[in-house]
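For the record, the sequence lines run as chains A and B.
Positions 1 to 230 (the numbering used here) are the ones given, in order, by the first sequence.
Positions 1 to 230 (the numbering used here) are the ones given, in order, by the second sequence.
In this text, a Cβ means the ideal position worked out from N, Cα and C, and glycines have one as well.
Since the structure comes first, as structure tokens, the remarks are kept for the end.
Protein chains: 2
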Amino acid sequence: MLDLVQLNAPAFMDLLPPEVAKKVRRDSTLVKYTDGQFIQSRGDSKPGISIVRSGAANAGIIGMDGSVSMTTLLGPGQSFGEFTIFTELPRTHDVTAVGETEIYQMTATRFTRLYDNEPQLSRALLKTALMRSHILLEMLDAIRRLPIRERAARILQSMSHTAGNPNKLECRQSELAYTLGVSRISLNRGLKQLAELKLIELGYGEIRIPRPALLSDWVANHCNPAPLAS
Amino acid sequence: MLDLVQLNAPAFMDLLPPEVAKKVRRDSTLVKYTDGQFIQSRGDSKPGISIVRSGAANAGIIGMDGSVSMTTLLGPGQSFGEFTIFTELPRTHDVTAVGETEIYQMTATRFTRLYDNEPQLSRALLKTALMRSHILLEMLDAIRRLPIRERAARILQSMSHTAGNPNKLECRQSELAYTLGVSRISLNRGLKQLAELKLIELGYGEIRIPRPALLSDWVANHCNPAPLAS
DNA sequence: TTTAAAATGTATATTTTTTAACATTCTTAA
DNA sequence: TTAAGAATGTTAAAAAATATACATTTTAAA
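Here it is in structure tokens:
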């Protein structure tokens, strides 16, 4: 499943100096999960931080009818739940394992002790938290202000930046729609229009971006209210 | 103007021990702005942190047509722009002064020096950043998942928690609509329905919540997908 | 190679939301 | 007390998005 937050934010562990990362691993418990297994539930209040070691963690909110909204895929090195340590808030997401997954789990008390001795930890946490709210703010703004076509262009552009190949994105249209919070039909209409503008090409399970610069220009001209000037 | 983020998040300066707050004030430049004056523009890239001393700062995004979306009012003690210090991101918002306003401005270099010597700073920054993204995530989820009526109920409930008087909110419907990202007409329709359910009472420039517990119950039953269990 | 499943493409009816326009109510300052 | 402005209330038409349904294309497995 796709994700805006994950795709743009750096992994927590990657921001740590190797020796600090080692201490984090040392002080935490490695827990293994099988595909689909629950790692945490929305509403849990036991504070602690979780870091993906291998596999992936799918964060979302499961509705009463079983539907899931706003899915986020967290990969190796990425953390979640850290806000429970610094605030008194309950967990916002249901998180399940995607495939065989290993998670470093650390309780709040252990983490706090490490945190007090390793100033590098706070930098890494701050950077991820600040980038996350930055991205969320931009996304919120896009949802409120931009029509679906523009929103789609924007997410494609940001994904092409971070994905392996800037010219091709492998993803289902239904997943993209999910992430943008719109119906597949609406998304398809938007994508069609972008394809007519020659900004993208639609394929089976993939979207090609033959000239990323063209897309970037278009996004800059159509999606930025007071364009992010230099 | 109303704001979800501001209403729920603690002020940065309030999270600092008095002696650290004093050092922050000491190391920054106090700048005065008159009503409506620009404090920063979207796209600015000079890194630094700003803290409101008196008055208020209005953060929003000004569209090409002059319209403003997602307005946020920051009051005394609240900070903005700190993410520019820890990431390489340009500023996301246009910020203007509301009335006579004083802002503590600190450059990135100065702040970083202080940051390295005062571990308490990182805790305060982390807490505000984490709370912010928590609130943003919940808001994003609400926008995607909930109809307007439910969204309105949710914001009213959260505001009644934090406002001075839990039984009365003084706000224009147009402001509320703005914050929720819907038209005034749609919001009015939603509020009417909540009023019919006897959850709220509508007045001129105010919304009364005669029995907050009733509203909370309703929100818990209608707005929480997998209810935030205990 | 055939078949089933997955994914995309498309049309239409329905619902939701917005825009625009205007009436009404409330507040405040002359 | 009255007039002007501010805010809310209401309606109808237009636009946007969704749901439903089904056709087509692509992939991969039997």
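{"Query": "Taking only beta-carbon atoms, is residue 19 of chain B less than 8 angstroms away from chain A?", "Result": "no"}
{"Query": "Where does residue 227 of chain B sit, in a helix, a strand or coil, going by DSSP?", "Result": "For residue 227 of chain B, the predicted model reports a pLDDT of 44, less than 50, meaning its position is unreliable and no value from the coordinates is stated."}
{"Query": "Quick one: grab the DSSP three-state call for residue 193 of chain B.", "Result": "helix"}
{"Query": "In the stretch 115 to 197 of chain B, which residue ranges form an unbroken alpha helix (DSSP H) of at least 4 residues, counting only runs that do not cross its ends?", "Result": "119 to 145, 148 to 162, 173 to 180, 184 to 196"}
{"Query": "Rounded to whole angstroms, what is the Cα-Cα separation between residue 202 of chain B and residue 153 of chain A?", "Result": "41 angstroms"}
{"Query": "Cβ closer than 7 angstroms: which chain A residues qualify as neighbours of residue 127 of chain B?", "Result": "86, 87"}
{"Query": "Taking Cβ to Cβ, would you say residue 237 of chain A is nearer than 8 angstroms to residue 48 of chain A?", "Result": "Only positions 1 to 230 of chain A appear in the structure, and residue 237 of chain A is not among them; the question remains open."}
{"Query": "Show which residues of chain B have a CB atom less than 8 angstroms away from the CB atom of residue 134 of chain A.", "Result": "83, 87, 89, 92"}
{"Query": "Determine the contact status of residue 216 of chain A and residue 120 of chain A, defining contact as a CB-CB distance below 8 angstroms.", "Result": "no"}
{"Query": "Tell me whether residue 23 of chain B sits in a helix, a strand or coil according to DSSP, three-state version.", "Result": "helix"}
{"Query": "Name, please, each residue of chain A whose Cβ falls closer than 8 angstroms to the Cβ of residue 119 of chain B.", "Result": "116, 119, 122"}
{"Query": "Quick one: what does DSSP say residue 108 of chain B is sitting in, helix, strand or coil?", "Result": "helix"}
{"Query": "In this structure, does DSSP put residue 208 of chain A in helix, strand or coil?", "Result": "strand"}
{"Query": "For residue 178 of chain A, tell me which candidate among A:76, A:60, A:208 has the shortest Cα-Cα distance.", "Result": "A:60"}
{"Query": "Is there a Cβ from chain B that is less than 8 angstroms from the Cβ of residue 139 of chain A?", "Result": "yes"}
{"Query": "Who are the neighbours of residue 143 of chain B on chain A, taking C-beta pairs under 7 angstroms?", "Result": "143"}
{"Query": "Measure the C-alpha to C-alpha separation of residue 24 of chain B and residue 114 of chain B and round it to an integer number of angstroms.", "Result": "8 angstroms"}
{"Query": "So what does DSSP say about residue 53 of chain B, is it helix, strand or coil?", "Result": "strand"}
{"Query": "For residue 226 of chain A and residue 43 of chain B, what's the separation of their Cα atoms in angstroms?", "Result": "With a pLDDT of only 48 at residue 226 of chain A, under the threshold of 50, the placement of this residue in the model should not be trusted, and no figure is reported."}
{"Query": "Rounded to whole angstroms, what's the CA-CA distance from residue 243 of chain B to residue 85 of chain B? Just pull it up for me.", "Result": "For residue 243 of chain B there is no data in the structure shown, the boundaries of chain B being 1 and 230."}
{"Query": "Starting from residue 86 of chain B and walking both ways along the alpha helix (DSSP H), at which residues does that stretch end?", "Result": "83 to 86"}
{"Query": "In whole angstroms, give me the CA-to-CA distance for residue 123 of chain A and residue 92 of chain B.", "Result": "21 angstroms"}
{"Query": "Of the residues A:53, A:118, A:96, which one's Cα is nearest the Cα of residue 17 of chain A?", "Result": "A:118"}
{"Query": "Quick test of your reading: residue 209 of chain B and residue 166 of chain B, contact by CB under 8 angstroms. State the CB separation rounded to the nearest angstrom.", "Result": "7 angstroms"}
{"Query": "Any beta carbon from chain A within less than 8 angstroms of residue 13 of chain B's own beta carbon?", "Result": "no"}
{"Query": "As a quick exercise: from A:141, A:223, A:31, A:104, pick the residue whose alpha carbon is nearest that of residue 79 of chain A.", "Result": "A:104"}
{"Query": "Quick one: give me the first and last residue of the beta strand (DSSP E) that residue 38 of chain B is part of.", "Result": "38 to 40"}
{"Query": "Would you say residue 181 of chain A faces chain B, with C-beta separation under 8 angstroms as the test?", "Result": "yes"}
{"Query": "If you compare alpha carbons, which of B:212, B:130, B:141, B:106 is closest to residue 161 of chain B?", "Result": "B:212"}
{"Query": "Would you call the CB atoms of residue 233 of chain B and residue 56 of chain B closer than 8 angstroms?", "Result": "Only positions 1 to 230 of chain B appear in this structure, which leaves residue 233 of chain B out of reach."}
{"Query": "How many angstroms separate the CA atom of residue 14 of chain B from the CA atom of residue 130 of chain B?", "Result": "16 angstroms"}
{"Query": "Within 8 angstroms (strictly less), CB to CB, does residue 131 of chain B reach chain A?", "Result": "yes"}
{"Query": "Reducing DSSP to helix, strand and coil, say where residue 45 of chain B ends up.", "Result": "coil"}
{"Query": "Going along chain B, which residues have a C-beta under 9 angstroms from residue 200 of chain A?", "Result": "Correct list: empty, because the minimum Cβ distance to chain B is about 24 angstroms."}
{"Query": "Beta-carbon within less than 6 angstroms of residue 32 of chain A's beta-carbon, same chain only, minus the 5 sequence neighbours each way: which residues are those?", "Result": "102"}
{"Query": "Below 8 angstroms between beta carbons: does that hold for residue 223 of chain B and residue 150 of chain B?", "Result": "yes"}
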